[in-house]
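Peer 1:
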Amino acid sequence: QKEVEQDPGPLSVPEGAIVSLNCTYSNSAFQYFMWYRQYSRKGPELLMYTYSSGNKEDGRFTAQVDKSSKYISLFIRDSQPSDSATYLCAMSEGAQKLVFGQGTRLTINP
Amino acid sequence: DGGITQSPKYLFRKEGQNVTLSCEQNLNHDAMYWYRQDPGQGLRLIYYSQIVNDFQKGDIAEGYSVSREKKESFPLTVTSAQKNPTAFYLCASSINGANYGYTFGSGTRLTVV
């Protein structure tokens, strides 16, 4: 079993829809949770960062962490075609290496 | 502007050749990492270095080698021992381990011809 599980998709939704992306994990010591966005043939860029449990909102993006369920989510409201990318979850215990999910390929259709 | 520069963007390797991928950062980050990305497999860690003149193997180090002689530079050599080197290679750096995430370069696409 992988330490971090993420549905690779692909996921295709119409423009304006609310998108929900999720990851589950097995290591209860994870404290730092991140979402990266990666456009085709580019490097990933940090989108959202959350420490421990709770919600964090940044514009149209909301990150949620539920440590009791070992489950994290990224919500995208009013999705735009420019949101089409691969989204990677990542997490760590602290000063250790990041552990990445497989990535979910998302397409927003105009 | 601060960032990570990977070069070249595209690289072609003949069978039996060693090739070196360049990674330079001007972020004054202590830690640097090399990942390999294949379709449907996410990011797999090849090597990482937390300080100059020290580095550790990641999950798929076989057939690869690195050096860390300067804080700014972390080149990756793909040797002829790597039997399936065609992939997208990503270099990353971080200021203090993984606490605040990594900054990634734009990647090098390596193809065996």
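Chains as they are written, first to last, in the numbering used here: chain H, -4 to 105; chain C, 1228 to 1340. Glycine included, every Cβ here is placed at the ideal spot set by N, Cα and C.
List, in order along the chain, the chain C residues whose C-beta lies closer than 9 Å to that of Y82 of chain H?
Peer 2: Residues of chain C passing the Cβ test: none, with the nearest at roughly 12 Å.
Peer 1: Buried or exposed for I103 of chain H, going by 16 or more other Cβ atoms inside 10 Å?
Peer 2: By the Cβ-count criterion, I103 of chain H is buried, with 16 or more other Cβ atoms from all chains shown falling within 10 Å of its own Cβ.
Peer 1: Going along chain C in order, which residues have a C-beta closer than 8 Å to the C-beta of S48 of chain H?
Peer 2: Those do not exist, as S48 of chain H stays about 17 Å from chain C at its closest Cβ, beyond 8 Å.
Peer 1: On the DSSP bridge assignment, give the partners of V1293 of chain C in chain order.
Peer 2: C:L1303
Peer 1: Out of curiosity, what's the CA-to-CA distance linking R100 of chain H and L69 of chain H?
Peer 2: 13 Å
Peer 1: I'd like to check one pair, K1298 of chain C with V1279 of chain C: are the Cβ atoms closer than 7 Å?
Peer 2: yes
Peer 1: Between the C-alpha atoms of F25 of chain H and T1232 of chain C, what's the straight-line distance to the nearest angstrom?
Peer 2: The alpha-carbon atoms of F25 of chain H and T1232 of chain C are separated by roughly 30 Å.
Peer 1: Going by beta-carbon coordinates alone, are S1249 of chain C and P1302 of chain C separated by less than 7 Å?
Peer 2: yes
Peer 1: Which residues of chain C have a Cβ atom closer than 9 Å to the Cβ of N87 of chain H, listed in chain order?
Peer 2: According to the sequence shown, residue 87 of chain H is Ser rather than Asn. In chain order: G1324, A1325, N1326 and G1328.
Peer 1: Based on Cα-Cα distance, which residue from C:A1319, C:F1315 and C:V1305 lies nearest to L1261 of chain C?
Peer 2: This sequence places Trp at residue 1261 of chain C; Leu is not what is there. Checked all of C:A1319, C:F1315 and C:V1305; the closest Cα to W1261 of chain C is C:A1319.
Peer 1: Check whether chain C comes within 7 Å of Y27 of chain H, counting only Cβ atoms and requiring the distance to be less than that.
Peer 2: yes
Peer 1: What separation, rounded to the nearest whole angstrom, lies between the Cα atoms of I71 of chain H and K37 of chain H?
Peer 2: 21 Å
Peer 1: By the criterion of Cβ-Cβ separation under 7 Å, what are the contact partners of F95 of chain H in chain C?
Peer 2: G1269 and L1270
Peer 1: Relative to the C-alpha of Y1327 of chain C, which residue among H:Q97, H:K92 and H:G96 is closest?
Peer 2: Answer by Cα proximity: H:K92.
Peer 1: Less than 7 Å between the C-beta atoms of E0 of chain H and V94 of chain H, yes or no?
Peer 2: no
Peer 1: I need the straight-line Cα distance from S1307 of chain C to I1273 of chain C, nearest angstrom please.
Peer 2: 16 Å
Peer 1: For S1333 of chain C, return the contacting residues in chain H, with the cut-off set at a CB-CB distance below 9 Å.
Peer 2: R36, K37 and G38
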